[in-house]
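Everything on this sheet refers to the single structure shown next.
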Amino acid sequence: MSGERAYLCLADGTTFEGVAWGAPGIATGEVVFTTGMTGYQEVLTDPSYCGQIVTMTAPQIGNTGINREDDESITGAPHVAGFLVRDLSPVAANFRANETLDAYLARHGIVALAGIDTRLLTRTLRDRGSQNGAIGKASPEELIRRAREAPSMEGLDLAQRVTPKEPYVWTEGSGAFGTKVPGAHATNKHVVCVDLGIKRNILRSLVDVGCRVTVLPAKTTAAEILDLAPDGVFVSNGPGDPAAVSYAIDTVRGLVGKKPLFGICLGHQILALAMGGRTYKLKFGHRGINQPVKDLDTGRIEITTQNHGFAVDLASLEGKARTTHVHLNDGTSEGLDLPGLSAFSVQYHPEAAAGPHDALYLFQRFVARMEEAKP
């Protein structure tokens, strides 16, 4: 670690001093925080964090280094715009580690700061809302200017930055370090995934329940998907403003009622928009691995992993969709079902890498929907 003084500057002028590490340069993006106490590698490689400077609220980061198995991006590369921590571990003490976190970020060109007062920063973002920022070794005046010039997350289509250029087939399951879906069995159902920034563990979970998985780029049309004659369609998580991903909204609108459909995170929001609903930006979003969600059908409380800055406006879906899950902290939308159309979605991540696996059953529910839809 270089030990050189560097700064985080928010667009409102608030400045935090830290120490530069990772790659040299200046990074800009929306400054957000995640409350997860573990899983920093999964955070770094989750495509949903594209365009964001992520603050880890857990103080000690880097202790277990980086390994090849825990990447959540298909390419294995990090997607965050920048990374902020309190205390950076100088060593990687884990039997699976291949390199240190510092070396990993430097190799991938990710600017990072350590020594940041992450407690104060998190309180600032909670009170004032997430906002653009800039980090680096430049002067605070230069960083504030860069932060104010950065594009707003509202209206930003980031799915195009993280979606694959070509279709691919996925065959890898959870393996030795994964948690298997309860009640899973071989089904040989063909699932087509619309990749808006999909997490690797979602694909593993689909394989675990016996699905044959084909992954398609974000701009694949409904007609092109139907030509593949899938048993079901999955719409993935991803970054940015859901309302800006108009092509995916059109695709899902053309699929609803024709094939069983399951959406997660951005996929949940896209399904709502396809049904004529609206979305809006949350003040500071839900990011962490201990978010409480209530299943309205069973009354059961699930502890969930989440990563999103936008939410579905439930009032806009009255008479169009049934609410199945709500967030217990703020009552926001966490699950939808379209009666008679074999389509459902959740805002949280049932595959939870990292995090609890209370909701893994949803992948088995998707299989059941496909089996019910057989001619």
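For the sequence shown, our numbering assigns the number 2 to the initial residue and increments by one for each residue that follows.
For each residue, glycine too, the CB sits at the ideal point set by N, CA and C.
Because the structure is a prediction, the values reported are computed rather than measured.
Residue nearest to SER334 within the set PRO351, GLN161 and THR280 is THR280 (criterion: CA-CA distance). In the three-state reduction of the DSSP assignment, GLN53 falls in the strand class, which pools E and B.
Residue environment analysis places GLU352 among the buried positions, since at least 16 neighbouring C-beta atoms fall within 10 angstroms of its C-beta. Relative to LEU318, the option among ILE271, THR16, VAL294 and SER237 whose CA is nearest is ILE271. Residue environment: GLU31 is assigned as buried (16 or more neighbouring CB atoms within 10 Å of its CB, all protein chains considered). For SER334, the pairing in a beta bridge is given by DSSP as VAL327. With a threshold of 16 other beta carbon atoms within 10 Å, ALA28 meets it and is buried. Contact between ALA115 and VAL86 holds, since their C-beta atoms are separated by about 5 Å, short of 8 Å. GLY255 and PRO165 have their C-alpha atoms roughly 21 Å apart. For ILE302 and GLY4, the gap between their C-alpha atoms comes out near 45 Å. DSSP places THR125 within a helical segment (H, G or I) once states are collapsed to three. Residue nearest to THR16 within the set THR305, THR125, GLN161 and THR324 is THR125 (criterion: CA-CA distance). A residue is called buried when at least 16 other Cβ atoms come within 10 angstroms of its Cβ; PRO91 does not meet this threshold and is exposed. For the 8 Å CB-CB criterion, LEU122 and THR56 form a contact.
By the Cβ test, the segment 230-243 is in contact with the segment 188-202, since at least three Cβ pairs between them sit closer than 8 Å. Cβ contact annotation for HIS191 (same chain, cutoff 6 Å, sequence separation greater than five): ARG213, PRO231 and ASP232, in chain order. Here the alpha carbons of LEU361 and GLY174 stand approximately 14 Å from one another. Taking the Cα positions, ASN68 is about 31 Å away from ASN189. The Cβ neighbour count for GLY63, taken over all protein chains shown within 10 Å, is at least 16; the residue is labelled buried. In this structure, GLY83 sits near ALA113, with a CB-CB distance shorter than 8 Å. The Cβ atoms of GLU155 and LYS282 sit closer than 8 Å to each other.
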